[in-house]
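One structure is given below, encoded as structure tokens.
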Amino acid sequence: MFGFTLDAADGAARAGTLTLPHGTVRTPCFMPVGTRGAVRGLHPAEVEGAGAQILLGNTYHLHLRPGEHTVETLGGLHRFISWQRPILTDSGGFQVFSLTALRKLDEDGVDFVSHVDGSVRRLTPERAMEIQWALGADVAMAFDHLAPGASSVEAARDAMERTLRWLGRCRTRHDELMAESADRQTLWPIIQGGTHLPLRRESLEGIMGLGEWTGIAIGGLSVGEPKPAMHAVLEHLEPDLPRDRPRYLMGVGFPDDLLDGIARGVDLFDCVAATRNGRHGSAWTTDGRVNVRGAAYRLDESPLDPECDCECCVRFSRAYLRHLFVAEEHLGPRLVSIHNIRFLIRLAERAREQIIDRTFDRWAADWRRRYLGKGSA
RNA sequence: GGUGGGGUGGCCGAGUGGCUAAUGGCAGCAGACUGUAAAUCUGCCGGGCUCUGCCCUACGUAGGUUCGAAUCCUACCCCCACCA
């Protein structure tokens, strides 16, 4: 029910097949984010149409509303949101970071003051497991504590060690839940340690010491640290990560980040930038970023990206997209979100082909050069 | 015709002697966004220049008072409301 096959490798880059209860996922893969049970503004058919193989949901946000019991009563998250492919839920760990002003952390867990109604919601490793179990995600993420990018060794160590202690509790509670049905869900641990390589190694060793895992995540990156620091962490970890398990780089990223990650052995990515930037009118194209609100596109009849096969690019002009944004028609944000998601998914699909053909590095270099506008325009 | 109110930068709208090239908002222009408290946020927004400053032009029009006026006075033009 839970498996990962390495189909090909080209240097550190890998092509694999991940098997989950609701289907298989070809990697490398970008996973769109549907925090509250929907990819912002999009119909599931549009997400499927963009080629999404697996979707993210969020423990904290779905706990707030509609509540995991509601979802469970309605037959689980897949049925509730009408998405039959795999789902991975983030544990709420990211909210410990992003909602710092609204939470109080202690060794046992975290009290959040709900931004919805002000009520206090407590999340612990155990609660995070129970909620994700009730939601019925294919993959549940460990409840972690990530430190900001610029954290000192002390702060990063504190968060990393707490994450490890919490992981033990997550595992225990998840094993208990699995007694109900072992085929329902798998739990993935998260490596922390900030930009400090020894801490990252310790985190990985601690995780491996807690038993077998069907996948492993790298968290706490792209949270303000310089890119070279992220690359260093990935390169440092890569040789010691189990080869026969999928590696998931959480919260990353932009198109060039995907290539950077793939080149360093990452299999799975997720990021809100595709949809958030898309909503804000910022599109990724083969030739770099385009802000579709720009006056330069007022009379531009060309598609956002002539090389893209998404619903937006095959049908609409930049001039029309600009008009939709200027007129504040919801179709604008929706179309650019679809485009950006498709863009990342297609990038991962092509990377997979190149890895299988063992031409990844060369292709990625060419691709990056054109995207970053060096040597072309 | 009478009485009252009003005419401010692309638009709306503050300001009622110097701190005003003139608060705000809109429109316009540019930018940010990385496990989503974001359909959000930030910057620019009269013109010119030898651009941490300087010079023009500007608050209906024309005069005037004053060291100094969008702000006070006079005349005129226009708009609105009510009355006839």
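First residue of the first sequence? That's 1445 in the working numbering, and the numbers climb one at a time after it. Positions of the beta carbon are idealized from the N, C-alpha and C atoms, including for glycine.
Rounded C-alpha distance that separates residue i from residue j
i	j	result
Arg1812	Gly1485	29 Å
Trp1807	Asp1561	50 Å
Leu1500	Leu1464	14 Å
Ala1578	Glu1512	6 Å
Ala1707	Ser1761	34 Å
Arg1691	Gly1705	10 Å
Leu1678	Leu1654	21 Å
Asp1534	Met1585	5 Å
Thr1461	Gln1497	11 Å
Gly1819	Ala1594	With a pLDDT of 44 at Gly1819, under the threshold of 50, the predicted position of this residue should be treated as unreliable, though the coordinate-derived value follows. Straight-line Cα distance between these residues: approximately 33 Å.
Pro1672	Arg1733	21 Å
Glu1649	Ala1599	19 Å
Gly1580	Glu1620	15 Å
Cβ pair residue i, residue j closer than 8 Å
i	j	result
Val1583	Thr1544	no
Met1622	Ile1662	no
Thr1514	Gly1536	no
Leu1791	Leu1665	no
His1507	Arg1601	no
Cys1756	Leu1748	yes
Val1667	Leu1590	yes
Thr1471	Asp1711	yes
His1505	Thr1479	yes
Ser1726	Asn1735	yes
For residue i, the first and last residue of its enclosing beta strand (DSSP E)
i	result
Ile1525	That residue, Ile1525, is in no beta strand (DSSP E); its alpha helix (DSSP H) goes 1521-1525.
Leu1654	Note, Leu1654: premise wrong, no beta strand (DSSP E); not H, not E.
Leu1543	Run containing Leu1543: none; DSSP gives neither H nor E here.
Glu1458	First, the amino acid is wrong: residue 1458 is Arg here, not Glu. Here the beta strand (DSSP E) through Arg1458 covers 1457-1464.
Phe1787	Here Phe1787 belongs to no beta strand (DSSP E); instead the alpha helix (DSSP H) covers 1775-1800.
Phe1804	Segment 1804-1815 is the alpha helix (DSSP H) holding Phe1804; no beta strand (DSSP E) there.
Leu1703	Per DSSP, Leu1703 belongs to no beta strand (DSSP E); it is in the alpha helix (DSSP H), 1699-1707.
Span of the alpha helix (DSSP H) around residue i
i	result
Leu1567	Looking at the DSSP string, Leu1567 is not in any alpha helix (DSSP H); the run it does join, the beta strand (DSSP E), is 1564-1567.
Thr1503	1503-1508
Val1597	1597-1622
Val1677	1671-1681
Val1557	Element bounds for Val1557: not the alpha helix (DSSP H) but the beta strand (DSSP E), 1554-1557.
Residues sharing a beta bridge with residue i, DSSP
i	result
Cys1473	Leu1712
Tyr1692	Ala1661, Leu1712
Thr1630	Val1583
Ser1734	It is worth fixing the name first, because residue 1734 is Val in this sequence and not Ser. Val1734 pairs with Ala1727.
Val1758	For Val1758, which the question treats as bridged, DSSP gives no partner whatsoever.
Thr1449	Thr1461
Ile1498	According to DSSP, which records beta bridges pairwise, Ile1498 is partnered with nothing at all.
Anticipated Cβ contact below 8 Å, residue i with residue j, distance rounded
i	j	result
Leu1699	Phe1787	The identity of residue 1699 in the sequence shown is Pro, whereas the question assumes Leu. Yes, they are in contact, since the Cβ atoms of Pro1699 and Phe1787 sit about 7 Å apart, within 8 Å.
Thr1607	Ile1575	Actually they do not touch by this definition, with Cβ atoms about 18 Å apart.
Arg1794	Asp1731	Going by Cβ atoms, the distance from Arg1794 to Asp1731 rounds to 16 Å, so no, they are not a contact pair.
Gln1528	His1466	6 Å
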